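Numbering (the UniProt record's numbering), first residue to last: 1 to 75. Cβ coordinates follow ideal geometry from the N, Cα and C atoms, glycine included. Since the structure is predicted, the reported quantities are computational estimates derived from the model, not experimental observations.
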Amino acid sequence: MHFVFIGFQAAEALLKAIGTRWKLPWTAETIVKRMLPLVFLGVVLGLIFARSRNLLPSMLLHSLWNGFVLMGLMR
1 MHFVFIGFQA
11 AEALLKAIGT
21 RWKLPWTAET
31 IVKRMLPLVF
41 LGVVLGLIFA
51 RSRNLLPSML
61 LHSLWNGFVL
71 MGLMR
């Protein structure tokens, strides 16, 4: 996780160096809130595929995840 945060810091420093005024909305808290569940989901999807050797269960879980995300956005 630390490498991801350093990457975001490097991207922000690059934007400052080229003179743009964009502010990246990534802080350590945002990374943990948004990236950690996605990393966990990726590990779970990978484990499901590794154990079953079938992509369909991972695809179904991924679409279920997307459905919950969509429902959360519509609230």
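What is the DSSP secondary structure of ASN54, counted as helix, strand or coil?
ASN54: coil per DSSP, three-state reduction.
Distance between beta carbons of PRO37 and ILE48, contact taken as under 8 Å:
Their Cβ separation, rounded to whole angstroms, is 16 Å, which puts ILE48 and PRO37 out of contact at 8 Å.
Neighbourhood of TRP65 by C-beta distance below 8 Å, restricted to the same chain and skipping five residues each side:
Counting only Cβ-Cβ distances below 8 Å, and skipping sequence neighbours, we find LEU41.
Mapping DSSP to helix, strand and coil, what is ARG75?
Three-state DSSP puts ARG75 in coil, outside helix and strand.
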